[in-house]
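Protein chains in written order, with the working numbering: chain H, 5 to 201; chain C, 5 to 201; chain D, 5 to 201; chain L, 5 to 201.
For reference, the structure discussed in these notes is given below.
Number of protein chains: 4
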Amino acid sequence: MSPKVTQQYKIEIREKIIKAAIDAFSKYGFDRTRMDDVANTADLSKGTIYLHFKSKEDLFYAICENNLAEAKQQISTMFAKKEDLVSDIERFYDFFRKKKTANERIFFETIAESARNAELRKTLYKQRMNIFETAVGWVNLQIERGFFRKNIDANAIAVGLVSLYDGLTVNKLLGVSEDYSKKAWVETIRAIIIGIS
Amino acid sequence: MSPKVTQQYKIEIREKIIKAAIDAFSKYGFDRTRMDDVANTADLSKGTIYLHFKSKEDLFYAICENNLAEAKQQISTMFAKKEDLVSDIERFYDFFRKKKTANERIFFETIAESARNAELRKTLYKQRMNIFETAVGWVNLQIERGFFRKNIDANAIAVGLVSLYDGLTVNKLLGVSEDYSKKAWVETIRAIIIGIS
Amino acid sequence: MSPKVTQQYKIEIREKIIKAAIDAFSKYGFDRTRMDDVANTADLSKGTIYLHFKSKEDLFYAICENNLAEAKQQISTMFAKKEDLVSDIERFYDFFRKKKTANERIFFETIAESARNAELRKTLYKQRMNIFETAVGWVNLQIERGFFRKNIDANAIAVGLVSLYDGLTVNKLLGVSEDYSKKAWVETIRAIIIGIS
Amino acid sequence: MSPKVTQQYKIEIREKIIKAAIDAFSKYGFDRTRMDDVANTADLSKGTIYLHFKSKEDLFYAICENNLAEAKQQISTMFAKKEDLVSDIERFYDFFRKKKTANERIFFETIAESARNAELRKTLYKQRMNIFETAVGWVNLQIERGFFRKNIDANAIAVGLVSLYDGLTVNKLLGVSEDYSKKAWVETIRAIIIGIS
DNA sequence: GATGAATGAGGATTCATTCAT
DNA sequence: GATGAATGAATCCTCATTCAT
Numbered sequence: 005m006s007p008k009v010t011q012q013y014k015i016e017i018r019e020k021i022i023k024a025a026i027d028a029f030s031k032y033g034f035d036r037t038r039m040d041d042v043a044n045t046a047d048l049s050k051g052t053i054y055l056h057f058k059s060k061e062d063l064f065y066a067i068c069e070n071n072l073a074e075a076k077q078q079i080s081t082m083f084a085k086k087e088d089l090v091s092d093i094e095r096f097y098d099f100f101r102k103k104k105t106a107n108e109r110i111f112f113e114t115i116a117e118s119a120r121n122a123e124l125r126k127t128l129y130k131q132r133m134n135i136f137e138t139a140v141g142w143v144n145l146q147i148e149r150g151f152f153r154k155n156i157d158a159n160a161i162a163v164g165l166v167s168l169y170d171g172l173t174v175n176k177l178l179g180v181s182e183d184y185s186k187k188a189w190v191e192t193i194r195a196i197i198i199g200i201s
Numbered sequence: 005m006s007p008k009v010t011q012q013y014k015i016e017i018r019e020k021i022i023k024a025a026i027d028a029f030s031k032y033g034f035d036r037t038r039m040d041d042v043a044n045t046a047d048l049s050k051g052t053i054y055l056h057f058k059s060k061e062d063l064f065y066a067i068c069e070n071n072l073a074e075a076k077q078q079i080s081t082m083f084a085k086k087e088d089l090v091s092d093i094e095r096f097y098d099f100f101r102k103k104k105t106a107n108e109r110i111f112f113e114t115i116a117e118s119a120r121n122a123e124l125r126k127t128l129y130k131q132r133m134n135i136f137e138t139a140v141g142w143v144n145l146q147i148e149r150g151f152f153r154k155n156i157d158a159n160a161i162a163v164g165l166v167s168l169y170d171g172l173t174v175n176k177l178l179g180v181s182e183d184y185s186k187k188a189w190v191e192t193i194r195a196i197i198i199g200i201s
Numbered sequence: 005m006s007p008k009v010t011q012q013y014k015i016e017i018r019e020k021i022i023k024a025a026i027d028a029f030s031k032y033g034f035d036r037t038r039m040d041d042v043a044n045t046a047d048l049s050k051g052t053i054y055l056h057f058k059s060k061e062d063l064f065y066a067i068c069e070n071n072l073a074e075a076k077q078q079i080s081t082m083f084a085k086k087e088d089l090v091s092d093i094e095r096f097y098d099f100f101r102k103k104k105t106a107n108e109r110i111f112f113e114t115i116a117e118s119a120r121n122a123e124l125r126k127t128l129y130k131q132r133m134n135i136f137e138t139a140v141g142w143v144n145l146q147i148e149r150g151f152f153r154k155n156i157d158a159n160a161i162a163v164g165l166v167s168l169y170d171g172l173t174v175n176k177l178l179g180v181s182e183d184y185s186k187k188a189w190v191e192t193i194r195a196i197i198i199g200i201s
Numbered sequence: 005m006s007p008k009v010t011q012q013y014k015i016e017i018r019e020k021i022i023k024a025a026i027d028a029f030s031k032y033g034f035d036r037t038r039m040d041d042v043a044n045t046a047d048l049s050k051g052t053i054y055l056h057f058k059s060k061e062d063l064f065y066a067i068c069e070n071n072l073a074e075a076k077q078q079i080s081t082m083f084a085k086k087e088d089l090v091s092d093i094e095r096f097y098d099f100f101r102k103k104k105t106a107n108e109r110i111f112f113e114t115i116a117e118s119a120r121n122a123e124l125r126k127t128l129y130k131q132r133m134n135i136f137e138t139a140v141g142w143v144n145l146q147i148e149r150g151f152f153r154k155n156i157d158a159n160a161i162a163v164g165l166v167s168l169y170d171g172l173t174v175n176k177l178l179g180v181s182e183d184y185s186k187k188a189w190v191e192t193i194r195a196i197i198i199g200i201s
């Protein structure tokens with residue numbers, strides 16, 4: 005077998021495990037998920053997981069990174085250029101709605117965990133800055149296009165938008181109705197846009 | 005001994021334990037905190053804790069409720085009437101800054117846990133609605149006073165404000181600089197206010 | 005207060021505790037009965053129990069001795085002289101039936117415990133010999149009266165009768181119907197009597 | 005590995021654990037035996053025991069059932085057909101003598117426990133009826149062969165014999181001398197046989 | 001490479017006993 | 001004497017990790 009094939013195979017197994025771990029961690033939380041749960045979900049043996057991840061914690065980090073990568077991807081998609089600002093807001097919300105709840109649960113667990121884990125916090129911080137940059141880029145784009153005023157604090161507004169998004173995720177997880185969240189998102193963004201146009 | 009004294013004493017011990025548990029849970033997270041940690045922090049024996057709380061989970065619930073009660077208190081304070089809207093924004097932020105980080109860590113852990121625990125989710129949901137109401141009241145007050153337009157969606161804006169607040173908490177926990185958060189809060193709120201005035 | 009009154013009082017409390025302990029031990033077994041159970045049943049505080057008994061084990065011994073004393077009393081009653089042998093058999097059975105099940109449960113627990121506890125075993129052994137003697141006395145009485153043959157082994161028959169009695173207690177505890185036991189007792193004794201007349 | 009081997013292996017381990025548990029429970033009693041004791045006796049780790057038995061209680065049930073199965077086997081052997089009745093009595097006694105004391109201790113603990121445990125009581129009751137049936141069969145056989153009279157109550161006599169046997173076990177456990185028990189058994193049975201011939 | 005049986009450290013919970021009031 | 005709050009030793013059970021097959 006060529007190394008390429010082997011390499012490919014390894015990556016496949018790795019992703020299979022990560023997928024299973026996300027599933028399991030979302031359902032039970034990190035500490036209450038047993039490696040057996042992950043193994044069963046992945047349809048693999050516990051031993052095999054240890055061939056790919058040094059420890060449960062190692063697996064958790066891999067998930068965090070995976071989650072972050074995905075989040076970044078999502079945010080990028082979210083802030084993809086588009087001319088019509090109003091349809092943007094709607095798109096934002098629809099995007100928000102479609103996101104799997106699974107990852108959101110892990111998101112909060114990750115946040116909580118980061119409070120105790122400097123390494124993880126560093127990774128998350130870096131990623132967050134990344135997200136901010138993307139958002140700032142979007143705001144600046146709107147400024148260039150004349151949709152937003154030139155003298156606004158692009159950074160601050162960008163952080164505000166991302167934070168609003170995060171805050172609505174809290175509501176979503178707590179079971180606050182879609183209606184509430186959608187209106188909050190649309191109306192608040194609308195107000196902001198008016199405020200900075 | 006009069007029952008009153010005994011009752012008072014019991015409550016004191018209870019609060020001592022809750023305080024210790026918040027400390028410990030914040031530091032290590034619920035699952036990784038040993039009852040020994042809580043006991044040592046409270047300067048009590050493990051056995052005594054079990055005289056006041058049926059189980060570790062029971063203690064966690066008590067903390068959640070305690071946290072919620074405190075959060076409600078804080079939110080209420082935050083939305084206390086004040087004439088000058090601009091100073092309000094600043095006050096909001098200062099208030100935000102002063103909040104102990106300990107509780108915030110638990111806040112996220114609670115959110116994550118609620119994803120798996122219907123009972124907890126119900127409690128959190130109820131509390132959240134309560135917070136929303138308070139915020140709505142504040143928004144309506146501003147409308148009455150003529151600071152906000154009459155035709156805005158008070159509900160949506162209130163939810164948006166609370167969410168923005170929650171989202172900034174995420175940043176705070178991840179170590180995002182105060183400067184970033186303060187500016188984001190002030191500028192975003194300013195934009196919103198302009199947008200709805 | 006005169007020492008006599010105090011003494012009397014002490015004994016009363018002691019018996020109250022023993023009664024409660026028998027109740028509790030019968031229900032849950034020695035190991036699974038908490039001193040709290042005994043205290044509650046006796047309507048006393050745990051502390052008070054320790055004023056009368058050095059330890060839980062000490063209390064158990066007291067119960068065993070109490071039980072033995074009672075058993076001896078019962079057996080004595082059972083073997084009280086009576087002319088009519090046939091009515092004796094019936095009386096035996098009725099006696100058997102009336103005995104509280106509570107004590108029987110403790111009886112077996114005591115037996116099991118004695119297997120591991122030399123001190124207890126010694127006490128039980130002594131008591132057993134005592135019971136045998138009483139039974140032998142009864143058998144000898146029947147011989148004297150001409151109901152039983154002179155050349156039988158009074159000892160052996162006495163032990164046999166007591167054992168039959170014990171064995172039927174096993175059935176009783178397991179829920180074997182009264183009918184079964186009564187017939188077994190009456191018919192087996194009848195056979196024995198015929199065999200040794 | 006073929007399933008057959010695995011299955012066989014599993015059964016072996018299971019029996020090893022049961023054997024160790026009987027040993028340990030006999031020595032210390034159910035409640036005072038630590039799972040560590042069982043594990044050490046079985047020369048296995050605690051964890052391994054939990055791979056085969058869900059809980060300590062589960063293990064206890066397994067022992068009870070094992071004990072019952074063995075008891076049934078023994079009783080069956082005991083009542084195996086034999087022509088010479090007198091030699092039968094001796095054989096009964098010799099059989100009685102050979103039985104390991106370990107199981108007898110557990111027998112009483114099981115009885116005591118059954119007083120509080122309906123499930124266990126049901127199992128024991130069923131088994132007891134089984135034993136009775138075997139005994140009844142033996143008695144009927146003697147009737148057929150002309151050793152016993154036709155008009156006796158086979159059921160009652162069978163229950164009486166089994167009860168006598170059980171009762172003698174009490175004596176054995178309490179340390180009553182072999183001599184006493186042997187004579188009691190032989191003479192009482194002899195009397196019964198005479199009484200029903 | 002894959003497996004899953006075996007391990008044993010770790011932690012929640014219980015409860016006999018003590019002792020200040 | 002009586003109480004019951006406080007203690008902490010004791011023990012069941014779980015589960016991450018290892019390693020022989």
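Here a beta-carbon is modelled for each residue, glycine too, at the ideal position from N, C-alpha and C.
Nothing here was measured: the structure is a model prediction, and the numbers come from that model.
Query: For residue 197 (chain L), is the classification buried or exposed, using 16 other Cβ atoms within 10 angstroms of its Cβ as the cut-off for buried?; Result: buried
Query: Taking 8 Å as the threshold, find out whether the region 18–33 of chain L comes into contact with the region 175–185 of chain L through three or more Cβ pairs.; Result: no
Query: Please tell me whether residue 34 (chain L) and residue 35 (chain D) are closer than 9 Å, where the distance is taken between their beta carbons.; Result: yes
Query: Are any of the Cβ atoms in chain L nearer than 9 Å to that of residue 31 (chain D)?; Result: yes
Query: Going along chain H in order, which residues have a C-beta closer than 7 Å to the C-beta of residue 192 (chain C)?; Result: 160, 161, 164, 196
Query: I want to verify the contact list: residues of chain L whose CB lies under 7 Å from the CB of residue 188 (chain D), in sequence order.; Result: 160, 163, 164, 167
Query: Could you tell me whether the Cβ of residue 7 (chain C) comes closer than 9 Å to any Cβ of chain H?; Result: With a pLDDT of 49 at residue 7 (chain C), under the threshold of 50, the modelled position of that residue is not reliable, and no figure is offered here.
Query: Give the secondary structure of residue 37 (chain H) by DSSP, where H, G and I count as helix, E and B as strand, and everything else as coil.; Result: coil
Query: Taking buried to mean at least 16 other C-beta atoms within 10 Å of its own C-beta, is residue 192 (chain D) buried or exposed?; Result: buried
Query: Within its chain, find whatever has a CB closer than 6 Å to the CB of residue 120 (chain C); leave out the 5 residues flanking it on each side and keep chain order.; Result: none
Query: Please confirm if residue 16 (chain L) has its CB atom under 9 Å from at least one CB of chain D.; Result: no
Query: Check whether chain D comes within 9 Å of residue 140 (chain L), counting only Cβ atoms and requiring the distance to be less than that.; Result: no
Query: Could you check which residue in L:115, L:83, L:173, L:167 has the C-alpha nearest to that of residue 108 (chain D)?; Result: L:115
Query: Just the chain C side, please: which residues come within less than 7 Å of residue 184 (chain H) by C-beta, in chain order?; Result: 163
Query: Considering only C-alpha positions, which residue in the set D:167, D:176, D:96 is nearest to residue 180 (chain L)?; Result: D:167
Query: Taking residue 134 (chain H) as the reference, give the member of H:98, H:56, H:126, H:76 with the closest Cα.; Result: H:76
Query: At a Cβ threshold of 9 Å, is residue 38 (chain D) touching chain L?; Result: no
Query: Residue 152 (chain C) and residue 200 (chain C) look like a contact to me (Cβ under 8 Å); what is the Cβ gap, rounded to whole Å?; Result: 5 Å
Query: Tell me whether residue 155 (chain L) sits in a helix, a strand or coil according to DSSP, three-state version.; Result: coil
Query: Can you tell me whether residue 202 (chain D) is buried or exposed? The criterion is at least 16 other CB atoms within 10 Å of its CB, across all chains shown.; Result: Any answer about residue 202 (chain D) is impossible in this case: the structure gives chain D only from 5 up to 201.
Query: Hey, which unbroken runs of the alpha helix (DSSP H) at 4 residues or more fall wholly within the region 102–126 of chain H?; Result: 105–118
Query: Measuring only between beta-carbons, confirm whether residue 175 (chain D) sits less than 9 Å from chain L.; Result: yes
Query: I'd like the list of long-range same chain contacts for residue 46 (chain H), defined as Cβ closer than 6 Å, with 5 residues on each side in sequence excluded.; Result: 20, 21, 24
Query: Which term fits residue 12 (chain D), buried or exposed, when burial requires 16 or more other beta carbons within 10 angstroms of its beta carbon?; Result: exposed
Query: What residues of chain H sit near residue 202 (chain C), judged by a beta carbon separation below 9 Å?; Result: Outside the displayed range of chain C (5 to 201) lies residue 202 (chain C), so it cannot be described from this structure.
Query: Go through its chain and collect everything with a Cβ distance to residue 50 (chain C)'s Cβ below 7 Å, but skip five positions before and after it.; Result: 39, 40, 43
Query: Output, in sequence order along the chain, the residues in the region 62–93 of chain H whose CB is closer than 7 Å to any CB in chain C.; Result: none
Query: Please check if any C-beta of chain C sits within less than 9 Å of the C-beta of residue 28 (chain H).; Result: no
Query: For a cutoff of 9 Å on Cβ pairs, would you count residue 35 (chain C) as touching chain H?; Result: yes
Query: Check the Cβ-Cβ distances between residue 136 (chain L) and every residue of chain D, and say whether any is below 9 Å.; Result: yes
Query: Would you please verify whether the beta carbon of residue 47 (chain C) is less than 9 Å from any beta carbon of chain H?; Result: no
Query: Check residue 185 (chain H) in the structure and name its three-state DSSP category.; Result: helix
Query: Out of L:131, L:84, L:27, which one is the CA nearest neighbour of residue 74 (chain L)?; Result: L:131
Query: Over what stretch of residues does the alpha helix (DSSP H) that includes residue 62 (chain C) continue unbroken?; Result: 60–82
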